[in-house]
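Below you'll find the structure, written out as structure tokens, and then a few comments.
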Amino acid sequence: MDLVIILSTLDATIRLSTPLLLACLAGLYSERAGVFDIGLEGKMLAAAFGAAAVAAVTNNVWLGLLAGVGVSLSTSALQGAAAITLKGNQLIAGVAINMLAAGLTTFLGIQWFAQGGRTPALTPDSRFGNMTLPFADELAGVPVLGQIYSELISGHNLLVYIAFLAVPITWFVLYRTRFGLRLRAVGENPKAVDTAGISVIALRYQAVLITGLLCGLAGAFFSIAQGSGFGNNMTAGKGFIALAALIFAKWKPVPAMFTCLLFGFLDALQIRLQNTDIFGVTVPVQAIQALPYILTVVLLAGFIGKAVGPKAGGVAYTKER
Amino acid sequence: MNKFVKHFGALATGVAMTALLAGAALADPAIIYDLGGKFDKSFNEAAYNGAEAWKAETGGAYVDLELQNDAQREQALRRFASQGANPIVMAGFSWGTALGTVAAEFPDTNFVVIDAVVDQPNVQSIIFDEHTGSFLVGAIAALKSTTGTVGFVGGMDVPIIHKFYCGYAQGAKAVKPDIKLIENYTGTTPAAWNDPVTAGELTKAQFDAGADVVFAAAGGSGLGVLQAAADAGKFAIGVDSNQNYLHPGSVLTSMLKRVDVAVTTAFKEAGDDATFKPGITVLGLAESGVGYALDDNNKALIDDATKATVDDLSAKIQSGAIAVHDYTTDSTCPGI
Chain A
21 MDLVIILSTL DATIRLSTPL LLACLAGLYS ERAGVFDIGL EGKMLAAAFG AAAVAAVTNN
81 VWLGLLAGVG VSLSTSALQG AAAITLKGNQ LIAGVAINML AAGLTTFLGI QWFAQGGRTP
141 ALTPDSRFGN MTLPFADELA GVPVLGQIYS ELISGHNLLV YIAFLAVPIT WFVLYRTRFG
201 LRLRAVGENP KAVDTAGISV IALRYQAVLI TGLLCGLAGA FFSIAQGSGF GNNMTAGKGF
261 IALAALIFAK WKPVPAMFTC LLFGFLDALQ IRLQNTDIFG VTVPVQAIQA LPYILTVVLL
321 AGFIGKAVGP KAGGVAYTKE R
Chain B
16 MNKFVKHFGA LATGVAMTAL LAGAALADPA IIYDLGGKFD KSFNEAAYNG AEAWKAETGG
76 AYVDLELQND AQREQALRRF ASQGANPIVM AGFSWGTALG TVAAEFPDTN FVVIDAVVDQ
136 PNVQSIIFDE HTGSFLVGAI AALKSTTGTV GFVGGMDVPI IHKFYCGYAQ GAKAVKPDIK
196 LIENYTGTTP AAWNDPVTAG ELTKAQFDAG ADVVFAAAGG SGLGVLQAAA DAGKFAIGVD
256 SNQNYLHPGS VLTSMLKRVD VAVTTAFKEA GDDATFKPGI TVLGLAESGV GYALDDNNKA
316 LIDDATKATV DDLSAKIQSG AIAVHDYTTD STCPGI
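So the sequence lines, in the order shown, correspond to chains A and B.
Sequential numbering from 21 applies to the first sequence in my numbering.
Sequential numbering from 16 applies to the second sequence in my numbering.
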């Protein structure tokens, strides 16, 4: 493999990890606050639809993004109301969100656009185009480092940079701010937080809304950045892979980034290894396509060690019986 | 008493309505689309356009259904058949088993299946010579390519899509024997017909590997291929429907498979036993069942020399001077 192929694989890795990373960080906030979120998938799907629908109608990418985030936030609020205020089972609330999103997006898509649930294809104005970072073109001629800068780091869309910026921000918020300390505490021992005079309910709502914001960005990435328009069930289980990545990363932001990059890399590799000869043998496509999943199982089973989630996760907080 | 009459009246109206509806459904043609969805801008949409063309021409009504999953096939067929729809047309290669079962249960209903072969006295199986149409677009791709590499992105990894690839590869090699080909499939499940993101990534990978023309035989997923080509400033080839208009200047041509004509013809002829043709109908270049699309959107992309070469190849295939191997006959693609 020469440098160009390696760079293009890594380039695809970044593209494919972005939605995983956003969803993974989204789940991190919610779960660190003690609310298990199995509904990442549904929120992303709803956001993807909202973003594509508004972007297609208004022909404005920013309104699309706003709509995607708005849809995801309101879905989050709904899930929060069920799981936090009404003390419903958090897993069931998440499953309900997933089913609601899958059904509603298709239904509304058919009703509004009459294209079998698909939204109209977007024009360049209504999608996030690839950005060229400063000096990328000038440095492209410089061997290795210049190529890495111009090919790998430059030339992605805005949401990719937001996703990777969200990692240090999340780390800082979680470990260096008062809010982060309280957030972690409320996931471990909500009683103690409550005793200290801080509202568990308010903290959990804040966490769930941050989850909604990040899921909204992830969903918008699918439909108005990476893709061009919404298609039925276009998130294709990425929310669940993000959940697996979150466990694999033991609910920590920086490991979460590396896990998502690993999953993205396996996906990118899978695409490039189809019908290539490895040591003179043509590997069947099916085997290559299963590779990311096989490696996921192996990694989860063999290398991660014990993953212990936030102690109070999955339990609605009851102040007094 | 007054109340009773009112209720009875309503009931009678209801019964009459039901009878009317049943009567209306009787002998109306039905069409069932496959999993890609009615508006996939490709195979199923071609079928839909055929049905709409029939409606515009005859003013008749038809019923249709979009499948949501594989398990609905038999159920959908039985429902339409027991409602009296005739003929029942279905588009897609996955209908074989379901139709084989249901056709025997409804001997008086005429069935037309596109892309599959079912051996029953009341079934007409329409298949297309996709390999010859793909041969022509393969030749166009190879003539257009400046890098000497052309790509292929298939939908689900099934024999009929290999048939497209095999024809495409033969066509490319026929005009440029040293051309390099890259072949990828979007997936191995029916979800692969509706996964433009993966198809787009495959296309980007092919561009990175040097391809500059990519043929998308992938139903709804093909939209991702066309988008990726438009984004990269390279060329893509559409499939089934004429997709030239989707990204003018970037869609080099489309491999036409006149599913629309097949559906219109089926609606016209298969309802009446006098004109119904059970057995296998093959639509090829000679019948204009397959071909390549040339319109205002891609006129500038295909020069006269290319057109002359391709039309010559088409004539030679029809006369038998060139034999294009059909992958589905023996599951091999010699020489590729």
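Glycine included, each C-beta is placed from N, C-alpha and C at the ideal position.
Note down, in chain order, all residues in the region 200-233 of chain B with a beta-carbon under 9 Å from any beta-carbon belonging to chain A.
Tyr200, Gly202, Thr203, Ala206, Asn209, Asp210, Pro211, Val212, Thr213, Gly215, Glu216, Leu217, Lys219, Ala220, Phe222, Asp223 and Ala224
Please confirm whether Ile58(A) and Leu111(A) have their CB atoms less than 8 Å apart.
As a working note, residue 58(A) is residue 38 in the first sequence. As a working note, residue 111(A) is residue 91 in the first sequence. Yes, the pair counts as a contact, with Cβ atoms nearer than the cut-off.
For a contact meaning CB atoms closer than 9 Å, what does Gly254(A) contact in chain B?
One-based indexing of the first sequence puts residue 254(A) at position 234. The identity of residue 254(A) in the sequence shown is Met, whereas the question assumes Gly. Ordered by position in chain B, the residues that pass the 9 Å Cβ test against Met254(A) are Asn209, Asp210, Pro211 and Val212.
Contacts of Ser28(A) in chain B (Cβ-Cβ under 9 Å):
Position 8 of the first sequence, counting from 1, holds the residue named residue 28(A). Result: Lys219, Ala220, Phe222, Asp223 and Ala224.
For a contact meaning CB atoms closer than 7 Å, what does Ile291(A) contact in chain B?
As a position in the first sequence, residue 291(A) is number 271, starting the count at 1. The contacting residues are Glu216, Leu217 and Ala220.
Own chain residues within Cβ distance below 6 Å of Gly166(B), not counting five before or after:
Along the second sequence, one-based indexing puts residue 166(B) at 151. Hits under 6 Å: Ile197, Gln221, Ala226 and Val229.
Are there 16 or more other CB atoms within 10 angstroms of the CB of Ala71(B), so buried, or fewer, so exposed?
In the second sequence, counting from the first residue as 1, residue 71(B) sits at position 56. Flag for Ala71(B) reads exposed.
Report all residues from its chain with a CB closer than 8 Å to the CB of Cys181(B); omit the five preceding and five following residues, and keep chain order.
As a working mapping, residue 181(B) is identified with position 166 in the second sequence. So the qualifying residues of the chain are His146, Ser149, His340, Asp341, Tyr342, Cys348 and Ile351.
Count the other CB atoms within 10 Å of the CB of Lys219(B); is the residue buried (16 or more) or exposed (fewer)?
Counting from 1 along the second sequence, the entry for residue 219(B) is found at position 204. Looking at its Cβ environment, which holds 16 or more other Cβ atoms inside 10 Å, Lys219(B) is buried.
Please work out which residues of its chain come closer than 7 Å, Cβ to Cβ, to Arg204(A), disregarding the five sequence neighbours upstream and downstream, and give them in chain order.
Residue mapping note: residue 204(A) aligns to position 184 of the first sequence, counting from 1. The answer, listed in chain order, is Arg52 and Leu194.
Quick check on the DSSP output: the beta strand (DSSP E) that includes Val168(B) runs from which residue to which?
Residue numbering aside, residue 168(B) sits at position 153 when the second sequence is read from its first letter. Looking at the DSSP string, the run of the beta strand (DSSP E) that includes Val168(B) is Thr164 to Met171.
Assuming Gly269(B) contacts Gly253(B) (C-beta within less than 8 Å), just tell me the rounded distance between them.
Here residue 269(B) is taken as the residue at index 254 of the second sequence, counted from 1. Here residue 253(B) is taken as the residue at index 238 of the second sequence, counted from 1. Sequence inspection shows Ser at residue 269(B); the Gly mentioned does not correspond to that position. Between Gly253(B) and Ser269(B) the Cβ distance is about 4 Å, and since that is below 8 Å, they are a contact.
Closer than 8 Å, Cβ to any Cβ of chain A: which residues of the region 183-195 of chain B, in chain order?
none
Near Val213(A), what residues of its chain come up, given a Cβ to Cβ distance below 8 Å and the 5 sequence neighbours on each side ignored?
Translated into positions along the first sequence, residue 213(A) becomes position 193. Arg202, Ala205, Val206, Val220 and Leu223.
Taking the beta carbon of Ser329(B) as the centre, do at least 16 other beta carbons fall within 10 Å, making it buried, or is it exposed?
Here residue 329(B) is taken as the residue at index 314 of the second sequence, counted from 1. Buried, since its Cβ has 16 or more Cβ neighbours within 10 Å.
Per DSSP, which one or two residues make a beta bridge with Ile46(B)?
Taking the second sequence and counting its residues from 1, the one referred to as residue 46(B) is at position 31. Answer by DSSP bridge pairing, in chain order: Asp79(B) and Val104(B).
For Gly38(B), which residues from the same chain have a beta carbon less than 7 Å from its beta carbon, with the 5 sequence-adjacent residues on both sides left out?
The sequence position of residue 38(B) within the second sequence is 23, counting from 1. Low per-residue confidence applies at Gly38(B): pLDDT is 42, beneath 50, and the placement is therefore not dependable, though the value from the model is reported in the following sentence. Here the set comprises nothing.
Under 7 Å between beta-carbons, which chain A residues line up against Phe54(B)? List them in chain order, please.
Mapped onto the second sequence, residue 54(B) falls at position 39. Here the neighbours are Gln135, Gly136 and Arg138.
Per the contact definition of three or more C-beta pairs closer than 8 Å, is the region 52-59 of chain B in contact with the region 124-141 of chain A?
In short, these stretches touch, since the Cβ pair count reaches three.
Buried or exposed by the 16-neighbour rule on C-beta atoms within 10 Å, applied to Ala216(A)
Numbered from its first residue, the first sequence carries residue 216(A) at position 196. So Ala216(A) ends up on the exposed side.
Do you know whose CA, among Gln90(B), Ala62(B) and Asp85(B), lies nearest Tyr77(B)'s CA?
To locate residue 77(B), count along the second sequence from 1; it is residue 62. Measuring from the Cα of Tyr77(B), the nearest candidate turns out to be Ala62(B).
Inside the region 44-111 of chain A only - alpha helix (DSSP H) runs reaching at least 4 residues:
60-78 and 81-100
Could you tell me whether any Cβ in chain B is nearer than 8 Å to the Cβ of Ser174(A)?
Taking the first sequence and counting its residues from 1, the one referred to as residue 174(A) is at position 154. For Ser174(A), the answer is no, since every Cβ of chain B falls outside 8 Å of its Cβ.
Whole-number beta carbon distance between Leu234(A) and Ala186(A), since they are thought to touch under 8 Å:
Within the first sequence, numbered from 1, the residue matching residue 186(A) stands at position 166. Within the first sequence, numbered from 1, the residue matching residue 234(A) stands at position 214. With 8 Å as the limit, Ala186(A) and Leu234(A) qualify as a contact, their Cβ atoms being about 7 Å apart.
Assumed close pair Val133(B), Gly163(B) - CB separation to whole angstroms, cut-off 8 Å:
Mapped onto the second sequence, residue 133(B) falls at position 118. Mapped onto the second sequence, residue 163(B) falls at position 148. So it is not a contact: roughly 43 Å between Cβ atoms.
Just to confirm my understanding: we take Gly333(A), look at its own chain, exclude 5 residues before and 5 after, and list those with CB closer than 7 Å. What are they?
As a position in the first sequence, residue 333(A) is number 313, starting the count at 1. For Gly333(A), where only same-chain residues beyond five positions count, the Cβ hits under 7 Å are Glu51, Gly54, Phe56 and Gly207.
So is Pro304(A) buried or exposed if we call it buried at 16+ other beta carbons inside 10 Å?
As a position in the first sequence, residue 304(A) is number 284, starting the count at 1. Pro304(A) should be labelled exposed.
How long is the line joining the alpha carbons of Ala308(B) and Asn257(B), rounded to whole angstroms?
By 1-based counting over the second sequence, the position of residue 308(B) is 293. By 1-based counting over the second sequence, the position of residue 257(B) is 242. The straight-line gap from Cα to Cα measures roughly 6 Å.
If contact is defined by three or more beta carbon pairs under 8 Å, each pair taking one atom from either stretch, is the region 257-274 of chain A in contact with the region 28-43 of chain A?
yes
Please decide whether Ser248(A) counts as near chain B, where near means a Cβ-Cβ distance under 8 Å.
For this step, residue 248(A) is matched to residue 228 along the first sequence. Judged by the 8 Å Cβ criterion, Ser248(A) is in contact with chain B.
Can you say whether Ser109(B) is buried or exposed, counting buried as having 16 or more other CB atoms within 10 angstroms of its CB?
Start at 1 with the first residue of the second sequence, and residue 109(B) comes out as number 94. Taking a 10 Å sphere around the C-beta of Ser109(B), we find 16 or more other C-beta atoms and assign the residue as buried.
Nearest-angstrom Cβ-Cβ length linking Ala68(A) and Gly257(A), presumed shorter than 8 Å:
Taking the first sequence and counting its residues from 1, the one referred to as residue 68(A) is at position 48. Taking the first sequence and counting its residues from 1, the one referred to as residue 257(A) is at position 237. With 8 Å as the limit, Ala68(A) and Gly257(A) do not qualify as a contact, their Cβ atoms being about 13 Å apart.
Report the neighbours of Gly166(B) on chain A: residues whose CB is nearer than 7 Å to its CB, in chain order.
As a working mapping, residue 166(B) is identified with position 151 in the second sequence. By Cβ distance, chain A contributes nothing, its closest Cβ being about 11 Å from Gly166(B), past 7 Å.
Three-state secondary structure (DSSP) at Leu36(B)?
For the purposes of this step, residue 36(B) is taken as residue 21 along the second sequence, with counting starting at 1. Confidence at Leu36(B) is low in this model, with a pLDDT of 43, below 50, so the placement of that residue should be treated as unreliable; the coordinate-derived value is given next. Of the three classes helix, strand and coil, the one that applies to Leu36(B) here is helix, per DSSP.
For the region 202-231 of chain A, which residues have a beta carbon sitting closer than 9 Å to at least one beta carbon of chain B?
none
Where does Tyr169(A) fall in DSSP's three states?
Counted from its first residue, the first sequence places residue 169(A) at position 149. Three-state result, Tyr169(A): helix.
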